[in-house]
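Oh and the sequence shown: position 52 is 52 in full-length UniProt numbering, straight run, nothing missing.
Glycine included, each C-beta is placed from N, C-alpha and C at the ideal position.
Shown next, in structure tokens, is the structure this report addresses.
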Amino acid sequence: MARKTEKTMTIKTIGEEGSAILIDGEMVTPGKVVSVPLDVARNLIHRERAVKYDDSKAKEAKPGAAGK
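So this is what it looks like as structure tokens:
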């Protein structure tokens, strides 16, 4: 039974071009950023199919400041 408040983690999938990972019934290609339950994220990271994604830097970056 699912908990009311389930902890999640944002991950970025990794793998070879043309491959895919089945996550909760959906096919996810390498390079995609997804939010998954914590136990799923830990499993994928342990099997080296994903890495923890830190989007705090993307949120802090100012628009147009990339080339300066």
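Local Cβ density within 10 Å of T29, reported as buried at 16 or more and exposed below that:
exposed
Residues in the same chain with beta-carbon distance under 7 Å from V51, minus the five sequence neighbours each way, listed in chain order, please.
I11, K12, I14 and I45
Chain-order list of residues whose beta-carbon lies under 6 Å from that of A20 (same chain, five-residue window excluded):
M27 and T29
Output the distance between the C-alpha atoms of E6 and D24, rounded to the nearest integer angstrom.
15 Å
Distance check for P37 and T8, CA to CA, integer angstroms please.
4 Å
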